Structures are given as C-alpha cells and as structure tokens.
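Residue numbers (UniProt numbering): 1 to 93. Note that beta-carbon positions come from the ideal geometry of N, C-alpha and C, so glycine has one too. Since the model is a prediction, treat every value here as computed from it, not as a measurement. See below for the structure under consideration.
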Amino acid sequence: MAQATARHILVSTEEKCNELKAAIEGGADFAQVAKDNSSCPSKRDGGNLGTFGRGQMVKEFDEVVFSAPVNVVQGPVKTQFGYHLLEVTARKD
C-alpha cells in the first residue's frame with residue numbers, strides 16, 4: 001500500500017496561501033511558517049502530518065500527496081478546511 005509522509009500549512013484564504021508559498025520559495029523555513037501561520041494543530045510540529053496511506057486524507061489532499069514530487073511545495077490546494085500548502089517529504093509505493 002502506498003504511503004506518504006507530508007507536512008502542510010492550513011490558512012483560510014487563497015491569497016494568504018500564495019503569500020506564504022512565495023515566502024517559502026524565497027527561503028523562509030516551511031516549519032517556522034507553519035508554526036507562525038497555520039490554523040491546524042499540526043502547526044506545533046511544523047505542520048508535520050506523519051505517515052499515512054492513500055485514502056486517509058480528504059480527496060483533494062490525497063490526490064496531491066500521492067502524485068506530487070517529493071520535497072516540492074504544492075498549493076494552494078482547496079479543501080473543505082481551507083487552503084493548504086503541502087510538501088511531501090517521503091513516499092513509497
């Protein structure tokens with residue numbers, strides 16, 4: 001079964017998501033940006049979601065996590081929770 005390890009940042013607007021993505025692409029630390037901005041409890045751990053299998057996250061999230069290149073920030077990804085920046089840190093098929 002495919003498994004991925006990922007981290008994310010959850011915010012309420014696409015605009016904020018794009019702003020944070022630009023900051024990370026400009027050299028800001030993903031974990032620190034998550035701690036400072038994410039509305040998800042995972043922010044305490046730099047947005048780390050741990051390891052999970054296909055189908056354990058909401059559909060939009062799952063599709064990106066199991067198709068995106070590893071260690072490349074993806075997003076904004078809109079889900080019922082808001083807008084996410086996602087980074088797959090490891091994946092095995």
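Exercise. In or out: Lys21 buried (at least 16 other Cβ within 10 Å) or exposed?
Worked result: Reading the sequence shown from its first residue, position 21 is the one you call residue 21. Counting Cβ neighbours within 10 Å, Lys21 comes out buried, since at least 16 surround it.
Exercise. Touch check for the stretch 36-53 and the stretch 1-13: three-plus C-beta pairs under 8 Å?
Worked result: The way I'd put it, the stretch 36-53 does touch the stretch 1-13; three or more beta-carbon pairs between them come closer than 8 Å.
Problem set entry | Whole beta strand (DSSP E) elements within the UniProt domain "PpiC" (1-90), 3-residue minimum | 3-11, 48-53 and 74-79
Exercise. Hey, out of Pro76, Pro69, Gly47 and Ser38, whose CA is closest to Asp93's CA?
Worked result: As a working mapping, residue 93 is identified with position 93 in the sequence shown. With distances taken between Cα atoms, Asp93 lies closest to Pro69.
Exercise. Just to confirm, are Phe61 and Thr79 a CB contact at a threshold of 8 Å?
Worked result: As a working note, residue 61 is residue 61 in the sequence shown. As a working note, residue 79 is residue 79 in the sequence shown. Yes, the pair counts as a contact, with Cβ atoms nearer than the cut-off.
For this session: Taking Gly46 as the reference, give the member of Gly53, Val33 and Phe52 with the closest Cα.
Result: Translated into the one-based positions of the sequence shown, residue 46 becomes position 46. Of Gly53, Val33 and Phe52, the residue nearest in Cα terms is Val33.
Exercise. How would you call Gly55, buried or exposed, if buried means at least 16 neighbouring beta carbons within 10 angstroms?
Worked result: Residue 55 sits at position 55 when you count from the first residue of the sequence shown. Flag for Gly55 reads exposed.
Exercise. Between the beta-carbon of Asn37 and the beta-carbon of Pro76, is there less than 8 Å?
Worked result: One-based indexing of the sequence shown puts residue 37 at position 37. One-based indexing of the sequence shown puts residue 76 at position 76. Contact: no.
Exercise. Thinking C-beta only, is Gly50 closer than 8 Å to Gln3?
Worked result: Mapped onto the sequence shown, residue 3 falls at position 3. Mapped onto the sequence shown, residue 50 falls at position 50. No.
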